[in-house]
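Each residue of the sequence shown is one higher than the one before, starting from 109 at the first, in my numbering.
Ideal Cβ positions, reconstructed from N, Cα and C, are used throughout, including at glycine.
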Amino acid sequence: IYACAMTSVYTFGPTFRAENSHTSRHLAEFWMIEPEIAFADLFDVMQCAEDYVRYCCIRVLEECMDDLVLLSKMYDKGCIDRVRAVASQPFGRCSYTEAIDLLKKAVAGGHKFENNDIEWGMDMGSEHERYISEKVFKKPVCCYNYPKAIKAFYMRANEDGKTVASMDVLVPGVGELIGGSQREERYEVLIARLEELNLDPKVYEWYTDLRKFGTCVHSGFGLGFERLILFCTGMENIRDVIPFPRWPGNARG
Numbered sequence: 109i110y111a112c113a114m115t116s117v118y119t120f121g122p123t124f125r126a127e128n129s130h131t132s133r134h135l136a137e138f139w140m141i142e143p144e145i146a147f148a149d150l151f152d153v154m155q156c157a158e159d160y161v162r163y164c165c166i167r168v169l170e171e172c173m174d175d176l177v178l179l180s181k182m183y184d185k186g187c188i189d190r191v192r193a194v195a196s197q198p199f200g201r202c203s204y205t206e207a208i209d210l211l212k213k214a215v216a217g218g219h220k221f222e223n224n225d226i227e228w229g230m231d232m233g234s235e236h237e238r239y240i241s242e243k244v245f246k247k248p249v250c251c252y253n254y255p256k257a258i259k260a261f262y263m264r265a266n267e268d269g270k271t272v273a274s275m276d277v278l279v280p281g282v283g284e285l286i287g288g289s290q291r292e293e294r295y296e297v298l299i300a301r302l303e304e305l306n307l308d309p310k311v312y313e314w315y316t317d318l319r320k321f322g323t324c325v326h327s328g329f330g331l332g333f334e335r336l337i338l339f340c341t342g343m344e345n346i347r348d349v350i351p352f353p354r355w356p357g358n359a360r361g
């Protein structure tokens with residue numbers, strides 16, 4: 109609503125995760141930066157995500173060098189070079205299909221993942237995302253056009269009927285840093301997608317009406333703030349980069 113009224117908007121606040129995730133990069137409550145941009149397609153929002161991460165890294169280098177120096181001495185010797193690399197070079201680009209092909213090639217060449225069953229349509233784990241960014245591109249990567257079966261109903265359907273205009277920014281040491289998409293602006297396509305997923309369109313009228321009476325192409329993404337800190341500092345567990353970590357089964361603080 110606000111993006112279509114004001115062109116470019118964002119929010120920064122706490123976000124709550126419903127899924128029962130107990131990994132080193134998941135929290136039940138975390139902070140997220142979420143921009144939404146009118147008149148922007150998938151490739152526009154990918155560029156915005158890249159520019160934003162680069163801007164953050166530049167500011168970290170300018171204003172937090174003492175902290176990075178301490179971290180490089182005490183914890184992660186490569187943190188300064190990693191942040192400098194992101195601040196100075198363009199991100200890679202690859203489609204989800206290309207990423208799966210790269211992972212299959214790695215397995216065929218003898219690389220061992222915890223999940224070696226690489227198939228088109230799978231939801232890549234952090235080990236796969238990190239391999240793409242760390243071993244193949246050796247820098248952050250914008251991976252786009254994911255299978256619709258593993259993405260949300262509101263992401264714009266592509267012409268192939270199998271994928272949606274979604275993107276993730278994958279970074280070394282973390283995996284997925286950003287998730288975003290171009291939103292489905294076509295009312296009939298959106299209703300059909302809800303029905304395909306056995307979701308009642310009446311429940312979503314508040315959302316579908318935003319398309320029913322006219323809208324524009326728009327896109328957005330979400331960046332997990334704590335994951336950005338993980339990337340910059342080299343810390344290994346997301347619970348160490350937030351003052352009061354909350355995860356499933358633990359809501360103290």
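Unbroken alpha helix (DSSP H) stretches of 4 residues or longer found wholly inside the region 184–216: 187–196 and 204–216, given in chain order. For the set A216, P356, S129 and F339, the Cα lying nearest the Cα of V277 is the one of F339. Taking I109 as reference, the option from R347, S327 and R335 with the minimal CA-CA separation is S327. Annotated as proximal: V279 and P248, with beta-carbon spacing under 7 Å. For the 7 Å CB-CB criterion, I208 and W228 form a contact. Under the 10 Å beta carbon count, S129 is surrounded by fewer than 16 other beta carbons and is classified as exposed.
E292 places its beta carbon 7 Å or farther from that of Y254.
Around the Cβ of C250, a 10 Å sphere holds 16 or more other Cβ atoms; the residue is buried.
Residue range V249 to P255 is occupied by the beta strand (DSSP E) that includes Y252. T119 places its beta carbon 7 Å or farther from that of F138.
Residue P351 holds the alpha-carbon nearest to the alpha-carbon of F333 among L318, P351, P309 and V311. When E235, F199, A148 and L178 are compared, the shortest CA-CA separation from R162 is found for F199.
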